[in-house]
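Residue numbers (the numbering used here), protein chains in the order written: chain A, 13 to 168; chain B, 68 to 203. Idealized CB from N, CA, C, for every residue including glycine. All figures in this text were calculated on a predicted structure; none of them were measured in a lab.
Written as structure tokens, this is what we have:
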């Protein structure tokens with residue numbers, strides 16, 4: 013099988029640039045690039061919930077519905093992931109999170125510092141939190157979460 | 068945990084319980100194993116792993132544990148506990164991220180998709196790159 017060598021492949025966030033692909037065009041070869049490191053085409057969600065009982069089933073539900081899901085158990089972990097080079101499109105924060113910052117405070121912080129990120133909070137009806145949040149009140153049907161994550165739902 | 072762990076998705080995908088305290092390593096390695104076709108349940112601590120095993124122990128095929136878990140039960144103790152109580156679960160223990168990446172790569176080779184997305188060193192390098200703060 014003929015192979016060819018890309019002299020310069022650089023990955024900048026969501027773009028992959030290939031320069032000078034030697035020996036490929038003349039032989040009609042194909043260039044296959046694994047995008048698996050970043051899964052760029054899949055919308056990604058950071059899901060923060062304090063217990064595995066809450067987190068694992070909902071994260072798996074989102075994955076089966078086409079999302080890439082990063083999980084975190086605390087707001088501190090969530091901040092670590094948010095400050096990393098992972099591409100994260102949306103935050104779903106359960107209010108049942110312990111640590112230096114609660115889930116609602118984390119959601120609030122992200123909304124202020126990352127205005128382009130969609131932010132959802134999962135909380136009890138009785139909770140006091142600011143009214144700008146997209147809010148899912150427990151108990152909720154999983155489909156309600158999908159509907160709120162959909163780009164056609166207003167609010168960000 | 069709700070019954071979705073058992074019912075959603077593809078039944079024949081092996082279920083792997085991945086226990087890792089570090090959020091970035093967990094996200095990266097769990098993502099890698101999912102690409103290889105495993106169904107990965109993420110636990111951030113031995114306590115969470117024990118909760119998952121209590122609820123779904125019979126469905127879990129593999130327990131993949133980082134040895135340096137903080138808390139009362141470390142990775143070694145958790146591994147021993149699973150081996151003693153759940154003989155059907157294959158237990159893997161990794162003390163370093165390099166070792167975890169290597170084990171993940173070996174799991175991929177024996178996994179449902181029969182291919183690995185990339186070499187273990189690329190996975191380790193990627194985790195290191197992820198930690199470099201964004202400049203923009």
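Identify the contact partners of residue i in chain A, using a Cβ-Cβ distance below 7 Å as the criterion.
i	result
residue 199/B	97
residue 91/B	92, 93 and 96
Would residue i and residue j be called neighbours here (beta carbons separated by less than 9 Å)?
i	j	result
residue 64/A	residue 104/A	no
residue 175/B	residue 120/B	no
residue 111/A	residue 145/A	no
residue 160/A	residue 116/A	no
residue 133/B	residue 87/B	yes
residue 136/B	residue 112/B	yes
residue 82/A	residue 70/A	no
residue 158/B	residue 150/B	yes
residue 97/A	residue 199/B	yes
Straight-line CA distance for residue i to residue j?
i	j	result
residue 146/B	residue 178/B	21 Å
residue 188/B	residue 165/B	7 Å
residue 125/B	residue 125/A	43 Å
residue 118/B	residue 113/A	24 Å
residue 195/B	residue 92/A	13 Å
residue 89/B	residue 116/B	14 Å
residue 106/B	residue 156/B	15 Å
residue 163/B	residue 142/B	12 Å
residue 135/A	residue 114/B	24 Å
residue 80/A	residue 144/B	32 Å
residue 151/A	residue 118/A	21 Å
residue 197/B	residue 75/A	22 Å
residue 157/A	residue 89/A	22 Å
residue 138/B	residue 99/A	30 Å
residue 137/A	residue 127/A	25 Å
residue 108/A	residue 161/B	30 Å
residue 120/A	residue 149/A	17 Å
List, in order along the chain, the chain B residues whose C-beta lies closer than 7 Å to that of residue i?
i	result
residue 159/A	Residues of chain B passing the Cβ test: none, with the nearest at roughly 18 Å.
residue 82/A	94
residue 87/A	Residues of chain B passing the Cβ test: none, with the nearest at roughly 11 Å.
residue 119/A	In chain order: nothing, as chain B lies at least about 17 Å away.
residue 105/A	Those within 7 Å of residue 105/A in chain B number zero; the least Cβ separation is about 14 Å.
By Cβ distance below 7 Å, which residues in the same chain neighbour residue i in space, the five residues on each side in sequence not counted?
i	result
residue 73/A	154
residue 109/B	85, 93 and 97
residue 104/B	80, 178, 179 and 180
residue 84/A	58, 60, 90 and 93
residue 193/B	95
residue 164/A	none
Mind pulling the chain E residues with CB within less than 8 Å of residue i?
i	result
residue 167/B	The structure shown contains no chain E; the protein chains it does contain are A and B.
So which residues of chain A does residue i contact, with C-beta pairs closer than 8 Å?
i	result
residue 196/B	97
Just to confirm my understanding: we take residue i, look at its own chain, exclude 5 residues before and 5 after, and list those with CB closer than 6 Å. What are they?
i	result
residue 128/B	81 and 82
residue 61/A	67 and 106
residue 102/B	184
residue 162/A	none
residue 153/B	124
residue 130/B	84, 149, 156 and 158
residue 201/B	none
Can you list, in chain order, the residues of its chain with a C-beta nearer than 8 Å to that of residue i? Leave out the 5 residues immediately preceding and following it.
i	result
residue 190/B	95, 96, 99, 168, 171 and 172
residue 78/A	54 and 55
residue 123/A	129, 131, 144 and 145
residue 102/A	55, 56, 57, 58, 129, 130, 131, 132 and 161
residue 95/A	none
Residues of chain B with CB closer than 9 Å to the CB of residue i, please, in chain order.
i	result
residue 156/A	Going along chain B, no residue has its Cβ under 9 Å from residue 156/A, so there is no contact; the nearest lies around 15 Å.
So if I threshold CB-CB distances at 8 Å, which residues from the stretch 50 to 65 of chain A count as touching chain B?
51, 63, 64 and 65
(message) Can you pull out the residues from the stretch 107 to 119 of chain B whose beta carbon lies closer than 7 Å to at least one beta carbon of chain A?
(response) Per Cβ criterion, the list reads 108, 109, 110, 111, 115, 118 and 119.
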